[in-house]
Amino acid sequence: MKVEEIRKDFPIFQQQVNGHPLVYLDNAATTQRPRQVVEAVMRFYQDANANVHRSVHTMSYRATELYEGARKKIASFINASSWREIVWVRGATEGLNLLAYSLGLYHLREGDEIVLTVMEHHSNMVPWQRIAQLKNLRIVYAGVTPEGRLDIEDLKAKISSRTRLISVIHASNVLGVVNPVGEIAQLARDAGAIFIVDAAQSAPHMPIDVEAMGCDFLVASGHKMLGPTGIGFLYGRRERLEAMEPFQSGGDMIEHVTLEGATWNELPWKFEAGTPNIAGAIGLGAAVDYINNVGLTDMLEHEKELRRYAVERIRELGGVDIYTPDGDDVLGIVSFNIHGIHPHDVAGYLDQCGIEVRSGHHCTQPLMECLRIENAVRASFYLYNTKEEVDRLVEALARVKKLFRV
Amino acid sequence: MKVEEIRKDFPIFQQQVNGHPLVYLDNAATTQRPRQVVEAVMRFYQDANANVHRSVHTMSYRATELYEGARKKIASFINASSWREIVWVRGATEGLNLLAYSLGLYHLREGDEIVLTVMEHHSNMVPWQRIAQLKNLRIVYAGVTPEGRLDIEDLKAKISSRTRLISVIHASNVLGVVNPVGEIAQLARDAGAIFIVDAAQSAPHMPIDVEAMGCDFLVASGHKMLGPTGIGFLYGRRERLEAMEPFQSGGDMIEHVTLEGATWNELPWKFEAGTPNIAGAIGLGAAVDYINNVGLTDMLEHEKELRRYAVERIRELGGVDIYTPDGDDVLGIVSFNIHGIHPHDVAGYLDQCGIEVRSGHHCTQPLMECLRIENAVRASFYLYNTKEEVDRLVEALARVKKLFRV
Amino acid sequence: MSEYDDVQMEYILELYRNPRNKGTIENPDITHQEGNPSCGDEIRIDVKLDGDRIGEIKFSGKGCAISQAAASILTEMVKGKTLEEVKKLTKEDMLKAIGVPLSPIRLKCGLLALKVLKAGLYGIKGWPGEEE
Amino acid sequence: MSEYDDVQMEYILELYRNPRNKGTIENPDITHQEGNPSCGDEIRIDVKLDGDRIGEIKFSGKGCAISQAAASILTEMVKGKTLEEVKKLTKEDMLKAIGVPLSPIRLKCGLLALKVLKAGLYGIKGWPGEEE
Ligand SMILES: Cc1ncc(COP(=O)(O)O)c(C=O)c1O
Ligand SMILES: Cc1ncc(COP(=O)(O)O)c(C=O)c1O
Numbered sequence: 178m179k180v181e182e183i184r185k186d187f188p189i190f191q192q193q194v195n196g197h198p199l200v201y202l203d204n205a206a207t208t209q210r211p212r213q214v215v216e217a218v219m220r221f222y223q224d225a226n227a228n229v230h231r232s233v234h235t236m237s238y239r240a241t242e243l244y245e246g247a248r249k250k251i252a253s254f255i256n257a258s259s260w261r262e263i264v265w266v267r268g269a270t271e272g273l274n275l276l277a278y279s280l281g282l283y284h285l286r287e288g289d290e291i292v293l294t295v296m297e298h299h300s301n302m303v304p305w306q307r308i309a310q311l312k313n314l315r316i317v318y319a320g321v322t323p324e325g326r327l328d329i330e331d332l333k334a335k336i337s338s339r340t341r342l343i344s345v346i347h348a349s350n351v352l353g354v355v356n357p358v359g360e361i362a363q364l365a366r367d368a369g370a371i372f373i374v375d376a377a378q379s380a381p382h383m384p385i386d387v388e389a390m391g392c393d394f395l396v397a398s399g400h401k402m403l404g405p406t407g408i409g410f411l412y413g414r415r416e417r418l419e420a421m422e423p424f425q426s427g428g429d430m431i432e433h434v435t436l437e438g439a440t441w442n443e444l445p446w447k448f449e450a451g452t453p454n455i456a457g458a459i460g461l462g463a464a465v466d467y468i469n470n471v472g473l474t475d476m477l478e479h480e481k482e483l484r485r486y487a488v489e490r491i492r493e494l495g496g497v498d499i500y501t502p503d504g505d506d507v508l509g510i511v512s513f514n515i516h517g518i519h520p521h522d523v524a525g526y527l528d529q530c531g532i533e534v535r536s537g538h539h540c541t542q543p544l545m546e547c548l549r550i551e552n553a554v555r556a557s558f559y560l561y562n563t564k565e566e567v568d569r570l571v572e573a574l575a576r577v578k579k580l581f582r583v
Numbered sequence: 178m179k180v181e182e183i184r185k186d187f188p189i190f191q192q193q194v195n196g197h198p199l200v201y202l203d204n205a206a207t208t209q210r211p212r213q214v215v216e217a218v219m220r221f222y223q224d225a226n227a228n229v230h231r232s233v234h235t236m237s238y239r240a241t242e243l244y245e246g247a248r249k250k251i252a253s254f255i256n257a258s259s260w261r262e263i264v265w266v267r268g269a270t271e272g273l274n275l276l277a278y279s280l281g282l283y284h285l286r287e288g289d290e291i292v293l294t295v296m297e298h299h300s301n302m303v304p305w306q307r308i309a310q311l312k313n314l315r316i317v318y319a320g321v322t323p324e325g326r327l328d329i330e331d332l333k334a335k336i337s338s339r340t341r342l343i344s345v346i347h348a349s350n351v352l353g354v355v356n357p358v359g360e361i362a363q364l365a366r367d368a369g370a371i372f373i374v375d376a377a378q379s380a381p382h383m384p385i386d387v388e389a390m391g392c393d394f395l396v397a398s399g400h401k402m403l404g405p406t407g408i409g410f411l412y413g414r415r416e417r418l419e420a421m422e423p424f425q426s427g428g429d430m431i432e433h434v435t436l437e438g439a440t441w442n443e444l445p446w447k448f449e450a451g452t453p454n455i456a457g458a459i460g461l462g463a464a465v466d467y468i469n470n471v472g473l474t475d476m477l478e479h480e481k482e483l484r485r486y487a488v489e490r491i492r493e494l495g496g497v498d499i500y501t502p503d504g505d506d507v508l509g510i511v512s513f514n515i516h517g518i519h520p521h522d523v524a525g526y527l528d529q530c531g532i533e534v535r536s537g538h539h540c541t542q543p544l545m546e547c548l549r550i551e552n553a554v555r556a557s558f559y560l561y562n563t564k565e566e567v568d569r570l571v572e573a574l575a576r577v578k579k580l581f582r583v
Numbered sequence: 246m247s248e249y250d251d252v253q254m255e256y257i258l259e260l261y262r263n264p265r266n267k268g269t270i271e272n273p274d275i276t277h278q279e280g281n282p283s284c285g286d287e288i289r290i291d292v293k294l295d296g297d298r299i300g301e302i303k304f305s306g307k308g309c310a311i312s313q314a315a316a317s318i319l320t321e322m323v324k325g326k327t328l329e330e331v332k333k334l335t336k337e338d339m340l341k342a343i344g345v346p347l348s349p350i351r352l353k354c355g356l357l358a359l360k361v362l363k364a365g366l367y368g369i370k371g372w373p374g375e376e377e
Numbered sequence: 246m247s248e249y250d251d252v253q254m255e256y257i258l259e260l261y262r263n264p265r266n267k268g269t270i271e272n273p274d275i276t277h278q279e280g281n282p283s284c285g286d287e288i289r290i291d292v293k294l295d296g297d298r299i300g301e302i303k304f305s306g307k308g309c310a311i312s313q314a315a316a317s318i319l320t321e322m323v324k325g326k327t328l329e330e331v332k333k334l335t336k337e338d339m340l341k342a343i344g345v346p347l348s349p350i351r352l353k354c355g356l357l358a359l360k361v362l363k364a365g366l367y368g369i370k371g372w373p374g375e376e377e
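Residue numbers (this note's numbering), protein chains in the order written: chain A, 178 to 583; chain B, 178 to 583; chain C, 246 to 377; chain D, 246 to 377.
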């Protein structure tokens with residue numbers, strides 16, 4: 178993989194931040210966009226800008242072709258059996274809310290149980306908590322092992338005859354570990370439960386095959402995979418989507434409306450109410466093209482290598498806790514704390530050096546509680562990061578330790 | 178207003194469509210974007226691209242400043258008393274779904290009545306129908322008068338002691354008429370009902386003052402007012418928003434999360450779950466700047482003038498039904514049918530001439546039923562349209578009449 | 246050249262104003278109705294089988310000149326054909342039968358009748374050829 | 246020059262490690278706790294009034310060096326002041342009292358204590374000066 182060539186596609190790396198060349202290591206929050214993505218968005222606005230589906234005119238036709246073409250790219254990116262199984266949403270959060278509302282309000286019943294894990298992002302926890310409260314459902318959580326992996330035995334123990342739904346983070350945004358979703362899919366099938374995968378952190382970094390995985394639903398966010406903000410996708414197995422009630426309603430998703438009620442459009446439009454983020458979808462299609470061109474497998478190897486190198490060098494500093502486990506099942510994320518320095522102070526200092534990392538609870542307060550911390554520093558890598566950038570990170574960490582006399 | 182100058186800001190008008198210069202008259206579906214908007218989006222991606230709120234680093238700070246700055250522009254655009262009353266949504270449809278879910282699930286009770294009108298867009302009808310079914314609410318509809326205006330006497334008659342919510346389209350996307358929302362706000366207050374205004378078709382074209390109007394909530398879509406796709410806003414009176422339960426949940430909208438439940442962030446973030454459409458919000462801010470620069474009052478006069486001219490000339494053709502009433506309370510929209518030609522055939526022919534209009538039911542099937550039609554042709558104007566374009570429209574209509582021998 | 250060419254239009258208009266096989270069948274073996282939600286056009290097709298062949302076929306519904314003319318053409322075309330033969334009919338076959346070149350935006354109008362017929366006969370959903 | 250300048254840091258660090266007025270008050274007249282949801286920092290301030298003046302004041306909670314140092318500085322600063330005087334304290338007053346120039350991303354850390362105090366005393370929500 179030619180990282181130097183790749184970096185040329187990202188004009189943002191010509192920036193200085195606080196007087197230093199930008200080192201962007203907050204990719205698990207959101208990634209940068211290559212010019213190919215921004216240009217696809219611009220081209221849409223300049224050549225084909227119109228609303229989709231509704232109007233009998235050439236502009237609308239062009240917009241619809243681009244928009245539905247992008248959907249097909251997503252379908253093949255995750256090996257869905259049809260583009261009808263891809264629903265555009267704002268991001269992973271909206272995808273999970275769609276599922277919580279539609280399944281929760283219409284398909285789950287009092288006493289039904291939902292299995293989650295304590296390492297879920299708030300987006301895969303709070304929507305279920307709220308629907309559980311409305312409908313008197315019960316949520317049970319599988320724990321994590323001391324070394325920071327999903328406790329699969331605990332998850333098995335949490336599945337009961339009342340389990341109707343299992344929803345699991347594919348790759349943890351804090352620990353970086355990839356959970357064994359294929360195995361969990363089998364457990365779900367055995368239990369007759371719906372299985373949902375939160376792929377917000379995996380889809381950008383590793384090949385996904387929903388057919389092989391055997392999940393019923395999967396969500397991801399475009400802005401975490403080189404795409405624009407405000408767009409993401411929900412994959413749903415066709416039979417599941419057919420049987421499911423819509424989430425939002427309004428224009429486009431209807432077949433026929435009277436004052437008394439309405440019938441629904443075909444898949445996937447049944448789940449897409451109102452004018453969608455057309456430019457966003459087209460941009461995400463371009464992002465997927467970009468990723469396919471580079472090659473996910475190479476990207477993954479590169480990011481894991483950066484993680485291994487970073488973990489090694491950070492560990493050498495001494496006086497650090499690293500929460501990310503070691504292993505080949507861990508993506509390009511390292512979360513850590515330096516003894517005696519609050520993570521915000523670390524992040525704030527790094528920022529002064531032009532190095533952007535995340536500090537905080539990473540929208541995973543329950544996981545933080547498990548790890549017995551309040552928050553942590555996180556560096557997360559993507560295709561355009563380099564070993565030299567890791568070196569700059571580590572050198573800055575050494576300086577902040579000196580500054581804080583720890 | 179210097180239309181020729183304005184047109185230079187819209188590169189799309191350099192296009193040919195089917196061999197003719199583009200005449201874009203489908204503005205009620207979506208508008209074109211000036212380069213200032215597209216450039217604001219690009220600049221964000223190139224200079225400040227990061228996630229908002231969450232990270233302690235300069236990139237994130239820049240993104241947050243731009244994003245929250247755009248919110249303030251919206252607040253002053255509609256004269257909200259605080260930026261905390263502006264919630265970003267995908268568009269009017271999501272705004273109305275947010276209200277239907279949050280108010281419907283948590284605040285309305287069996288037997289409560291909702292007053293709508295038969296001229297609502299599906300987006301302000303179907304969400305209420307669905308929540309009414311879930312919660313056993315009753316929906317009543319105010320009708321339209323024969324000349325195509327809201328029947329305000331009928332609306333008064335539909336308000337009862339059980340009325341809890343009134344939701345009304347501000348300007349009809351088919352008829353172009355502006356409804357007397359100030360008067361309805363007073364009726365709602367007298368009835369102790371929540372009052373919602375669907376401003377999708379008004380906010381882009383006429384000054385809005387939510388304080389003077391006296392509504393509780395108001396929604397609009399960015400893509401109908403020169404902004405990007407995938408972004409819009411919900412205004413909510415502060416006390417209402419404070420008292421209301423969130424809609425979607427997940428990252429950003431929480432204060433504290435445990436395995437048992439969560440508490441909510443401050444306004445407006447309580448209603449914004451997950452990574453928002455940051456670039457979209459910034460682009461919509463730029464669109465509002467553009468509109469403010471041109472001046473809404475001048476725009477409105479220009480568009481009304483085009484409507485008057487178009488109605489006059491279309492009427493002269495003979496053999497047409499025009500559904501848009503005459504009057505100063507009508508925006509730049511004209512909906513019509515030519516006797517003996519299906520509206521799709523009209524729109525299809527116009528498209529061959531490079532003229533883009535909409536044909537169909539315009540997401541208002543119940544209104545179509547009222548008008549005793551299935552669908553109609555609609556031409557809708559915006560600041561960049563000209564009288565010459567209306568002439569081209571009318572000449573093409575004359576030709577299609579000849580072709581169809583009517 | 247397009248569907249709005251004067252001569253081409255003549256042909257479409259003639260079928261629009263005087264369609265073949267317009268109407269309904271009492272006690273049909275197969276009846277199916279479907280619309281195009283984005284425009285409101287709807288077509289219903291009734292079929293009476295003759296063994297494994299299309300015996301009688303009628304269409305009803307509403308729509309633009311092109312969708313109605315296409316329904317007329319399709320019903321003429323499949324009369325007497327076996328179900329196997331009809332199943333093999335492609336999007337391209339239909340467009341060829343219409344004869345008039347359609348601009349991309351009108352393809353759905355031209356293909357609606359075929360979509361309805363296939364959905365009625367075999368439960369095939371979606372526009373022909375669109376599913377992969 | 247910034248909060249990470251060596252000399253400046255000395256001052257912040259000293260207050261972070263040895264804050265003044267850290268703790269809680271039994272039976273306080275006013276107690277208020279608030280956090281910064283985006284980072285998880287939380288500060289609680291307890292006040293015992295002396296007429297219309299701040300008598301005793303203590304803070305507790307958790308957070309970064311800057312938020313903790315700022316809380317220490319603020320509590321020192323307002324002790325003995327009247328409620329009217331405290332109400333007039335602006336964002337700028339607070340930043341000046343901190344002395345160390347904060348980069349924009351750390352403003353919230355530096356202002357959290359003032360926010361909590363104002364919310365506790367007057368129910369003023371939001372960051373000072375941010376509301377219009
Ligand atoms: C694992 C995981 N799930 C869900 C989300 C939510 O994604 P978004 O904010 O794009 O909706 C994130 C990102 O913050 C994440 O890391
Ligand atoms: C009056 C009215 N309300 C609501 C909508 C829905 O807007 P959107 O599709 O942007 O959500 C529209 C536009 O189609 C409209 O015209």
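Positions of the beta carbon are idealized from the N, C-alpha and C atoms, including for glycine.
Should residue i be counted as a contact of ligand 1 given a C-beta to heavy atom distance under 7 Å?
{"i": "B:Ile431", "result": "no"}
{"i": "B:Lys447", "result": "no"}
{"i": "A:Ala458", "result": "no"}
{"i": "B:Gly391", "result": "no"}
Determine the burial state of residue i: buried for a count of at least 16 other Cβ atoms within 10 Å of its Cβ, exposed for fewer.
{"i": "D:Met246", "result": "The pLDDT assigned to D:Met246 is 41, lower than 50, so where the model puts this residue is not dependable; a value taken from the coordinates is nonetheless given after this. Exposed."}
{"i": "A:Ala334", "result": "exposed"}
{"i": "B:Asn274", "result": "buried"}
{"i": "A:Ala376", "result": "buried"}
{"i": "B:Lys447", "result": "buried"}
{"i": "A:Val582", "result": "The question names Val, yet the displayed sequence has Arg at residue 582 of chain A. Flag for A:Arg582 reads exposed."}
{"i": "B:Arg492", "result": "exposed"}
Could you give the first and the last residue of the continuous beta strand (DSSP E) run that contains residue i?
{"i": "A:His479", "result": "Segment Leu473 to Leu494 is the alpha helix (DSSP H) holding A:His479; no beta strand (DSSP E) there."}
{"i": "B:Lys578", "result": "Looking at the DSSP string, B:Lys578 is not in any beta strand (DSSP E); the run it does join, the alpha helix (DSSP H), is Lys564 to Leu580."}
List the endpoints of the continuous alpha helix (DSSP H) containing residue i.
{"i": "A:Asp522", "result": "Pro520 to Gln529"}
{"i": "A:Trp305", "result": "Val303 to Lys312"}
{"i": "D:Asp338", "result": "Lys336 to Ile343"}
When DSSP builds the beta bridges, which residues end up paired with residue i?
{"i": "D:Thr276", "result": "D:Asp291"}
{"i": "A:Val497", "result": "A:Ile515"}
Sorry if obvious, but does the Cβ on residue i come closer than 7 Å to a heavy atom of ligand 2?
{"i": "B:Ser300", "result": "yes"}
{"i": "B:Thr270", "result": "yes"}
* **Interface positions of the region 362-384 of chain B facing chain A (Cβ-Cβ less than 7 Å), listed along the chain** => none
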